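Okay, so here's the structure we're looking at.
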Amino acid sequence: MAPQSQPSPLEYYFRVLSRARGMSYQQQSSSSGGRTARRTFEFGRTHVVRPRGKHQATIVWLHGLGDNGSSLSQHLESLSLPNVKWICPTAPTRPVALLGGFPCTAWFDVREISEDSPDDWEGLDASAAHIANLLSTEPADVKVGVGGFSMGAATAIYSATCFALGKYANGSPYMINLRAVIGLSGWLPGSRSLRNKMEVSNDAARRASSLPMFLCHGTNDDVVNFNFGERSSRYLSSAGFRYVLFKSYDGLGHYTVPKEMDDVCHWLTARLGLEGYG
Numbered sequence: 560m561a562p563q564s565q566p567s568p569l570e571y572y573f574r575v576l577s578r579a580r581g582m583s584y585q586q587q588s589s590s591s592g593g594r595t596a597r598r599t600f601e602f603g604r605t606h607v608v609r610p611r612g613k614h615q616a617t618i619v620w621l622h623g624l625g626d627n628g629s630s631l632s633q634h635l636e637s638l639s640l641p642n643v644k645w646i647c648p649t650a651p652t653r654p655v656a657l658l659g660g661f662p663c664t665a666w667f668d669v670r671e672i673s674e675d676s677p678d679d680w681e682g683l684d685a686s687a688a689h690i691a692n693l694l695s696t697e698p699a700d701v702k703v704g705v706g707g708f709s710m711g712a713a714t715a716i717y718s719a720t721c722f723a724l725g726k727y728a729n730g731s732p733y734m735i736n737l738r739a740v741i742g743l744s745g746w747l748p749g750s751r752s753l754r755n756k757m758e759v760s761n762d763a764a765r766r767a768s769s770l771p772m773f774l775c776h777g778t779n780d781d782v783v784n785f786n787f788g789e790r791s792s793r794y795l796s797s798a799g800f801r802y803v804l805f806k807s808y809d810g811l812g813h814y815t816v817p818k819e820m821d822d823v824c825h826w827l828t829a830r831l832g833l834e835g836y837g
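This note's numbering runs 559 ahead of the 1-based position in the sequence shown.
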């Protein structure tokens with residue numbers, strides 16, 4: 560079992576926030592003729608943990624703000640899931656409004672972690688498309704999924720909504736057949752508008768009702784408020800995601816613990832029909 564993950568993203572928030580105080584944030588995209596130019600994103604290195612047994616599933620696992628794929632891969636190597644291949648990409652380095660414009664690895668821009676914060680759809684689409692591209696070359700008989708921690712969890716959950724809707728926010732088709740989504744200490748981007756988007760498509764409702772999701776959250780999370788995480792799960796359920804399991808961890812802050820990762824392993828094994836757990 561993986562050891563307790565150090566809450567480095569949380570520490571990173573506060574270290575960088577203290578350095579970024581007084582800095583003004585400016586959107587990095589430029590405009591011409593009244594139209595905003597599309598941003599370009601350069602993703603970092605991707606780390607892969609190969610399955611020790613028969614390859615039955617591939618999961619893209621996403622780090623939190625300011626982290627990287629390498630640190631995650633080291634934890635995932637020790638999980639008791641010998642038939643899972645883990646892909647751990649690294650987010651682009653970009654200015655983040657939450658940090659006063661200070662640049663760090665981030666899957667999308669965010670001003671505040673709340674339901675009232677505007678969503679960076681362009682950044683979310685770019686990251687979800689990058690994940691889909693990583694999964695697109697997996698063998699047809701291998702079940703694929705996505706999961707993550709904090710901002711990585713939010714990106715994984717957003718990928719789930721793209722799968723259900725059959726498209727990204729920009730209208731481009733989403734082509735990956737997700738079989739499992741996991742979010743630890745995360746939230747649902749665009750939570751308030753999801754139900755209305757889902758209601759216009761029977762296909763979206765069908766896909767949503769077939770996708771199992773496992774969402775975990777600590778009751779003492781002081782970065783992504785527990786109530787926000789819990790409400791996100793309810794928004795998903797009300798939008799038609801029938802198999803959303805939300806589990807709370809009493810006293811847990813913004814980090815992971817072995818018990819939580821044990822639960823992830825058991826859930827993946829049951830939902831994906833994996834062999835050799837233990």
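The beta carbon of each residue, even a glycine, is placed where N, CA and C say it ideally should be. All values reported here derive from a predicted model rather than from experimental measurement.
Which residue wins for smallest C-alpha separation from residue i, given the options the options?
i: residue 722; options: 799, 819 and 672; result: 799
i: residue 828; options: 672, 801, 704 and 729; result: 704
i: residue 801; options: 771, 608 and 639; result: 771
i: residue 635; options: 727, 608, 757 and 740; result: 608
i: residue 657; options: 822, 649 and 667; result: 667
i: residue 822; options: 812, 791 and 776; result: 776
i: residue 620; options: 825, 646, 796 and 679; result: 646
i: residue 644; options: 736, 729 and 702; result: 702
i: residue 731; options: 628, 751 and 683; result: 683
i: residue 825; options: 640, 602 and 816; result: 640
i: residue 598; options: 681, 764 and 676; result: 681
Quick one: using the 10 Å Cβ neighbour count with 16 as the cut-off for buried, is residue i buried or exposed?
i: residue 689; result: buried
i: residue 720; result: buried
i: residue 713; result: buried
i: residue 649; result: buried
i: residue 809; result: exposed
i: residue 699; result: exposed
i: residue 766; result: buried
i: residue 780; result: buried
Compute the beta-carbon to beta-carbon distance between residue i and residue j, rounded to the nearest angstrom, for a pair I have assumed lies under 8 Å.
i: residue 655; j: residue 661; result: 6 Å
i: residue 718; j: residue 788; result: About 17 Å; that fails the 8 Å criterion.
i: residue 614; j: residue 642; result: 6 Å
i: residue 706; j: residue 742; result: 7 Å
Work out the CA separation of residue j and residue i for me, nearest whole Å.
i: residue 762; j: residue 773; result: 22 Å
i: residue 778; j: residue 617; result: 30 Å
i: residue 782; j: residue 754; result: 26 Å
i: residue 610; j: residue 624; result: 27 Å
i: residue 653; j: residue 685; result: 13 Å
i: residue 768; j: residue 724; result: 12 Å
i: residue 739; j: residue 832; result: 11 Å
i: residue 757; j: residue 673; result: 22 Å
i: residue 818; j: residue 747; result: 23 Å
i: residue 637; j: residue 695; result: 26 Å
i: residue 806; j: residue 797; result: 17 Å
i: residue 628; j: residue 710; result: 13 Å
i: residue 577; j: residue 671; result: Caution applies to residue 577, whose pLDDT of 39 falls short of 50 and renders its modelled position unreliable; the model cannot decide the point.
i: residue 584; j: residue 659; result: Confidence is the limiting factor: at residue 584 the pLDDT is only 34, short of 50, which leaves the residue's position unreliable, though a coordinate-based value still follows. Rounded to the nearest angstrom, the two C-alpha atoms are 5 Å apart.
Any alpha helix (DSSP H) of 4 or more consecutive residues that is wholly inside the segment 703 to 733: Counting whole runs of 4 or more residues, the segment 703 to 733 contains the alpha helix (DSSP H) stretches 710 to 724.
Residue ranges of each alpha helix (DSSP H) within the segment 648 to 712, 4 or longer: Complete alpha helix (DSSP H) runs here, min 4: 680 to 694.
Residue ranges of each beta strand (DSSP E) within the segment 596 to 649, 3 or longer: Counting only unbroken stretches of 3 or more residues, the beta strand (DSSP E) elements lying wholly within the segment 596 to 649 are 606 to 608, 616 to 621 and 643 to 647, in sequence order.
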